[in-house]
Amino acid sequence: MTDVRLYLVKPTADDEQAVWEYRATCDIPAGSQDIPGSCRLREAASFAAWFARVEQIADASRTPEGHVAATTYLAKHVEDGRLIGTIQIRHGLTPHLLEFGGHIGYSVAPRERGHGYGTEMLGLALDKCAEMGISPVLVTCKKPNVASAKVIQANGGKLENEVQEGEFTVQRYWIGDV
């Protein structure tokens, strides 16, 4: 990628309106419980509740039992600061994440899809993973999500295998030396 169009930033209280508008426009993909990479944004009763969860799960000492610490970022456009997507980096893997979820989940606003933003977002998140010492990185997607598979492959993802999660086939990609 030659031109940097996006940057990742942790959400703040100043992002309430943009995040809530993003929440209203995003769809939940088949087989998902919420907007991928959003720290359960759709189920949050309020921005304050969501923001508290984002901060809680980022702190390993406050992460709920059975979960791993995770950092949630907003992907914003460098020109105007508009919210393009959300991306979450999980600092470790539970058995379920190792099988189905991976280290990174992400979503791009429907109006922003088709412009290569997902590829750029994942690349920026991989830089963050390197800074955190997370390598190799596991990224997964449901098999029908061809766009996400292309994003992962464009960032060096190598398909390890496909596994069944209920009625869905999950593709498991590793990025970095395994």
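Quick note on the working numbering: the sequence shown kicks off at 379 and runs consecutively.
Just so it is clear, CB atoms sit at the ideal spot from N, CA and C, and this is done for glycine as well.
Report yes if the C-beta distance between residue 325 and residue 389 is below 8 Å; otherwise report no. Outside the shown range of the chain, which is 379 to 556, sits residue 325, and nothing can be said about it.
Decide yes or no for the touch test of the region 486-503 against the region 442-460: beta carbon pairs closer than 8 Å, at least 3 of them. yes
Anyone know if the C-beta pair for residue 349 and residue 429 falls short of 8 Å? No statement about residue 349 is possible, as the shown extent of the chain runs from 379 to 556 and does not include it.
Can you grab the Cα-Cα spacing for the pair residue 387 / residue 476, in whole Å? To locate residue 387, count along the sequence shown from 1; it is residue 9. To locate residue 476, count along the sequence shown from 1; it is residue 98. Each residue's alpha carbon lies about 26 Å from the other.
Cβ-Cβ distance between residue 511 and residue 472 below 8 Å: Residue mapping note: residue 511 aligns to position 133 of the sequence shown, counting from 1. Residue mapping note: residue 472 aligns to position 94 of the sequence shown, counting from 1. Cβ atoms of residue 511 and residue 472: not closer than 8 Å.
Going by alpha carbons, who is nearest to residue 508 out of 467, 530 and 462? Your numbering for residue 508 matches position 130 in the sequence shown. It is 467 whose Cα lies nearest to the Cα of residue 508.
Who are the Cβ neighbours of residue 415 in its own chain at under 8 Å, not counting the five residues just before and after it? Here residue 415 is taken as the residue at index 37 of the sequence shown, counted from 1. Counting only Cβ-Cβ distances below 8 Å, and skipping sequence neighbours, we find 450, 463, 464, 465, 466, 482, 483, 484 and 485.
Option in 496, 543, 469 and 446 with minimal Cα separation from residue 461: Taking the sequence shown and counting its residues from 1, one reaches residue 461 at position 83. Considering only alpha carbons, the answer is 496.
Should residue 515 go down as buried or exposed, given a rule of 16 or more other Cβ atoms within 10 Å for buried? Sequence index remark: in the sequence shown, residue 515 carries index 137 (1-based). Flag for residue 515 reads buried.
For residue 533, which residues of its own chain have a beta-carbon under 7 Å away from its beta-carbon, when the five flanking residues on both sides are left out? Position 155 of the sequence shown, counting from 1, holds the residue named residue 533. Here the set comprises 497, 500, 501, 504 and 553.
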